[in-house]
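One structure is given below, encoded as structure tokens.
Residue numbers (the numbering used here): 163 to 567.
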């Protein structure tokens, strides 16, 4: 083992994170709230055990005792266990929200993935995904000229790609390329057309937002994606960027300034924020329906992104029978669709979503909505695999439908 490289990787953890690891490894209060551990019951998947695994490496190589008595060896098995623990995680942030000490565990787990990336311990399927990102600009390995195919598939008549515009709709890879989500793009575009907004798409110039790079521990790849997208948006004079993807939203709004070292020249908002304003102002007047409709908070939009009230403003206008799910808002239960878990264990992803769907089913919900294409994809897979009698829609799809679009 190249211990020089290992020691360099461990030094990526800053002093605050080392203190967090020491605290986290001695506590287990969040364990039962972890969606992965709740389904797998594998101790390696518990947040506190993950911290203890990392701390063990640090203590063996960089602690005071290591400096006095010499560093101790690390086995390949220890690194493999750490990789399994770190990637069997949806990065939902629930452990962070539950932590009585206020530890920034979401940032900590991302740092550990960066550490594993430096040590070539990233799982093979995630390495393949990252290679497709580098070659094609999306995690699905599809050509850039297919980014606007969704407009043809959905029958959208106006899908502008302008040289200049006030507003840009950043579609995102999971919406543009996954058939189950393409109606989300149609709905947002149709709503913008309904409001006569001066808006544009980036078309083939849109690149992956960079979120999968961060989830794979590759901050340099994420920075390159950020630079590319920001330049494309700046060239069009865009003042507002709207995205319907919770992952794109969180990364562009909160991570881009850190990756690029300064504020963005435009504001980034999620579609539910944008259209809730127009519902409140009376610009949009959807026809309400009688069905029992529930909203599931995407982790990256709600707990990690701070957007909680806006989707509920929309939902209350769309139905006379809104259903508030248990474990919602800041305490929202993860659907299982985050953190690249599907690439590591799709069976575990489906077990996690099944737990959430059981809660939904017990409340007699007829339409389940969310505001994240990964959530919609995961719920749709869960409904199909487990046979639930439930319609799954993005909130923007339901809004467009009730607007008659």
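C-beta atoms are modelled at their ideal positions from N, C-alpha and C, and glycine is treated no differently.
- Of the candidates 342, 466, 507 and 293, 342 places its Cα closest to the Cα of residue 536.
- Sorting 364, 253 and 348 by C-alpha distance to the C-alpha of residue 312 places 348 at the top.
- In the DSSP assignment, residue 554 is bridged to 530.
- Taking all protein chains shown into account, residue 205 has fewer than 16 neighbouring C-beta atoms within 10 Å of its C-beta and is therefore exposed.
- In the DSSP assignment, residue 284 forms no beta bridge with any residue.
- Your pair residue 440 and residue 463 does not check out as a contact, with CB atoms roughly 18 Å apart and the cut at 8 Å.
- When the alpha-carbon of residue 453 is set against those of 195, 305, 420 and 480, the nearest one is in 480.
- Rounded to whole angstroms, residue 215 and residue 508 show a C-alpha spacing of 24 Å.
- Along the length of the segment 319-373, whole beta strand (DSSP E) runs at least 3 residues long occupy 329-332, reported in chain order.
- For residue 431, the enclosing beta strand (DSSP E) covers residues 429-432.
- The C-beta distance from residue 345 to residue 559 rounds to 5 Å, short enough to meet the 8 Å contact threshold.
- Taking C-beta separations shorter than 8 Å and ignoring five residues to either side along the sequence, the partners of residue 422 in its chain run 385, 388, 389 and 392, following chain order.
- Around the beta carbon of residue 542, 16 or more other beta carbons sit within 10 angstroms, so the residue counts as buried.
- The secondary-structure analysis by DSSP pairs residue 185 with nothing; it has no beta-bridge partner.
- Under the three-pair Cβ rule at 8 Å, the segment 443-453 does not count as touching the segment 404-421.
- Across the set 476, 520 and 544, the C-alpha of 476 shows the shortest separation from the C-alpha of residue 533.
- When DSSP states are grouped into helix, strand and coil, residue 453 belongs to the strand group.
- For residue 221, the uninterrupted alpha helix (DSSP H) run begins and ends at 209-224, by DSSP.
- Counting C-beta pairs with one atom in each stretch, the segment 326-342 and the segment 358-367 have three or more that are closer than 8 Å, which means they touch.
- In this structure the segment 455-469 touches the segment 491-499; the number of beta carbon pairs closer than 8 Å is three or more.
- One alpha carbon belongs to residue 169, the other to residue 398, and they sit about 45 Å apart.
- When DSSP states are grouped into helix, strand and coil, residue 470 belongs to the coil group.
- Annotated three-state conformation of residue 316 is helix, per DSSP.
- Rounded to the nearest angstrom, the Cβ distance from residue 171 to residue 277 is 5 Å, consistent with a contact under 8 Å.
- Residue pairing from DSSP places residue 405 in a beta bridge opposite 332 and 432.
- Residue 485 has 456 as its beta-bridge partners, per DSSP.
- Judged by pairs of C-beta atoms under 8 Å, the segment 260-268 touches the segment 179-189, as three or more such pairs exist.
- Residue burial annotation: residue 442 is exposed, with fewer than 16 other C-beta atoms found within 10 angstroms of its C-beta.
- Between the segment 191-204 and the segment 243-256 there are three or more C-beta pairs closer than 8 Å, enough to call the two in contact.
- With fewer than 16 neighbouring CB atoms inside 10 Å of its own CB, residue 396 falls in the exposed class.
- The Cβ atoms of residue 414 and residue 400 do not sit closer than 8 Å to each other.
- The beta carbon of residue 521 is closer than 7 Å to those of 487 and 488 in its chain, skipping five residues each way along the sequence.
- Linking residue 203 to residue 300 through their CA atoms gives a straight-line distance of about 33 Å.
- Residue 371 has its alpha-carbon roughly 19 Å from the corresponding atom of residue 504.
- Listed in chain order, the non-local C-beta contacts of residue 265 below 7 Å within the same chain comprise 182, 185, 186 and 258, local neighbours out to five positions each way being set aside.
- Distances from the CA of residue 177 to each of 225, 367 and 382 were compared; the closest alpha carbon is that of 225.
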